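Here the structure comes first, spelled out in structure tokens, and everything after it is commentary.
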Amino acid sequence: MNILQISTTDNKGGAAGIAWSIKKYLDKNGIKNSMFVRDKYSDEQNVFKIPNKFLTLSKIFKYILSNDIEHSNSDWILKTKEYKEADIIHCHNLHGYYFNLETLYKMSLEKKIVWTFHDMWPITSHCAYTFDSREVKNGFFTCPSRKIYPPILFNNDENLIKKKEAIYNKANFHIVCPSKWILNSVDRTVLKYKEKTLIYNGINLSEFQKYNKEESRKKLELPLDKKIILFIASGGKKNPFKGSEFVDELASEYKDNSEIIFLVAGSNNKKRKTKNNILFMPKIKEKELLSRLYSSADVLLNPTLADNLPTVILEAFACGLPVVTFNTGGTPEIVKHSVNGYIAKYKNIKQLKGYIDIFIKIPQDEYNQFSENALRKSFEFNQEKMFKSYINLYNEM
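In case it helps, my numbering puts the sequence shown at residues 18 to 414.
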């Protein structure tokens, strides 16, 4: 068996993180594999950067033409030794200005294709998520705004939908859905007749584990005498999908309570800084420190507005940290209301605050039960299960 993965990046980002973990598993088990990526950050010899000297120009070009599925020379892949020797091509996020979707069809003529849908982009005209819009038109979900990533200059939805549908009709590929939510979404689109498999994303439970709260706070130099409400997202408050605006609003609600602090982690700041009752921390890369960050908090605030299966919740649960979140995407498949966290109605900040209040005032024995339930739930998303499911799928194709 020889697997070639195609991803936006190798080891940075949520979707890329899944691809990277699969790569490391294949390496560990002696299964021949390689990766082609738009951006390479590792020094792995079997990871190759897709040549694109004019990536910035390509982004501008695709934006002006409002067409992010063409105008990339990804056919280069077809000429490589790695592609020719591969038995299966495993695609991840194909948006990001580096891939021509027509290449997918060309690959399907010669190879078996697996495509993991990490977001909604394959089933919309251009956007990665439609937020709370669930309208389907002409077999695709409608993008509520042309500004949603990947943004386009003008409304070109009709043309993009026609191009995607034409490619899908002639290309043969097997879809992997990391949540029932995205699986059910696919079933409402032109791709409903394609073969699909549900494979939940998993995390490394040996890397994410529960630590003593007081010791973790001391190690991270966090206050010992406050309730810590943790918000963590790639890009911090600049990530438009993660609902960071609700952090500011909620922090304002608690501004007179000196016993509570909001901790925002994942920002691009190189140093810590404090603004009122919000402490901003740089992105933490080391898994042990990240586990200690989760372990030091009292509740994870996850007001995500667009998500498939939030990895941040899985990581928090593995560290025994309960969550307060919105009813978004596949979140209810992880969070069991009033068992390991609370789920508020979409964008209902009043309800969200009410659930935070519960964790602030809850007796310790009841909190411990929430923590234990969260920890137990994380076992269902052991990375090893995900790996075995993908290997089984590869073998069946």
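Just so it is clear, CB atoms sit at the ideal spot from N, CA and C, and this is done for glycine as well. From a predicted model like this one, the values you see are computed outputs, not experimental measurements.
Give every residue of the same chain whose Cβ lies closer than 7 angstroms to the Cβ of residue i, excluding the five residues on either side of it in the sequence, and list them in chain order.
| i | result |
| --- | --- |
| S59 | D27 and N28 |
| E303 | none |
| N173 | S83 and N84 |
| P68 | W93 |
| Y363 | D149, F343, N344 and T345 |
| K227 | S312, C336, G337 and L392 |
| E182 | G156 and V207 |
| N293 | A268 and K272 |
| Y411 | M18, I20 and I105 |
| S223 | none |
Excluding sequence positions up to five away, which residues of its chain have a Cβ less than 6 angstroms from the Cβ of residue i?
| i | result |
| --- | --- |
| G346 | W198, D324 and N325 |
| A314 | I245, L247 and L338 |
| P320 | G260, F263 and F343 |
| I277 | K244 and Y271 |
| M298 | A282 and R289 |
| L215 | C194 and L200 |
| L177 | S142 and H143 |
On the premise that residue j lies in contact with residue i, defined as a C-beta separation below 8 angstroms, what is that separation, rounded to the nearest angstrom?
| i | j | result |
| --- | --- | --- |
| V203 | F134 | 7 angstroms |
| V356 | L318 | Not really, about 18 angstroms apart at Cβ, beyond 8 angstroms. |
| A282 | I301 | 6 angstroms |
| F334 | S395 | 4 angstroms |
| L121 | I184 | 6 angstroms |
| M414 | I105 | 6 angstroms |
| S308 | F225 | 5 angstroms |
For residue i, which residues from the same chain have a beta carbon less than 8 angstroms from its beta carbon, with the 5 sequence-adjacent residues on both sides left out?
| i | result |
| --- | --- |
| V153 | T159, R205 and T206 |
| Y114 | R55, L72, S75, K76, K79, D85, S89 and P167 |
| H354 | I360 |
| A33 | S24, T25, T26, D27, V54, H109 and N110 |
| V235 | It is Lys, not Val, that sits at residue 235 in the sequence shown. Counting only Cβ-Cβ distances below 8 angstroms, and skipping sequence neighbours, we find L241. |
| K402 | Y217 and G219 |
| I375 | Y359 |
Roughly how many angstroms separate the alpha carbons of residue i and residue j, rounded to a whole number?
| i | j | result |
| --- | --- | --- |
| K230 | K378 | 17 angstroms |
| T25 | Q381 | 44 angstroms |
| I20 | I48 | 8 angstroms |
| I351 | K272 | 31 angstroms |
| S125 | V340 | 41 angstroms |
| W37 | N63 | 12 angstroms |
| I415 | N274 | Look at the range of the chain in this structure, 18 to 414, and you will see that residue 415 is not part of it. |
| F387 | D44 | 37 angstroms |
| E266 | N286 | 21 angstroms |
| W138 | D242 | 44 angstroms |
| I373 | V316 | 8 angstroms |
| P240 | I220 | 29 angstroms |
| S162 | F398 | 33 angstroms |
| K57 | K66 | 6 angstroms |
| T348 | I130 | 28 angstroms |
| Y210 | N186 | 10 angstroms |
| H112 | E232 | 42 angstroms |
| K164 | I81 | 12 angstroms |
| L118 | T291 | 45 angstroms |
| L170 | N256 | 20 angstroms |
| K310 | K70 | Reading the sequence as shown, one finds Leu at residue 310 and not Lys. When rounded, the distance between both Cα atoms is 39 angstroms. |
| E305 | E175 | 48 angstroms |
| N189 | N390 | 41 angstroms |
| L280 | I330 | 16 angstroms |
| F258 | A145 | 10 angstroms |
Based on DSSP bridge pairs, tell me the residues matched to residue i.
| i | result |
| --- | --- |
| K362 | DSSP output for K362 lists no bridge partner at all. |
| V281 | F248 and F297 |
| K129 | I105 |
| A226 | The residue you asked about is not Ala; residue 226 is Gln in the sequence shown. Looking at the DSSP assignment, Q226 forms no beta bridge with any residue, so it has no partner. |
| M52 | Q22 and V64 |
| I220 | N399 |
| T141 | F158 |
| H354 | G358 |
| V264 | According to DSSP, which records beta bridges pairwise, V264 is partnered with nothing at all. |
| V316 | I246 |
| L215 | C194 |
| V340 | L317 and G358 |
| K290 | F297 |
Does any residue of chain D have a CB that is nearer than 8 angstroms to the CB of residue i?
| i | result |
| --- | --- |
| Y372 | Protein chain content of the structure displayed is limited to a single chain, and chain D is not contained in it. |
If we require 4 or more residues per run, which alpha helix (DSSP H) segments fall completely within the stretch 153-210? If one requires a minimum length of 4 residues, the alpha helix (DSSP H) runs lying completely within the stretch 153-210 are 174-187 and 197-203, in chain order.
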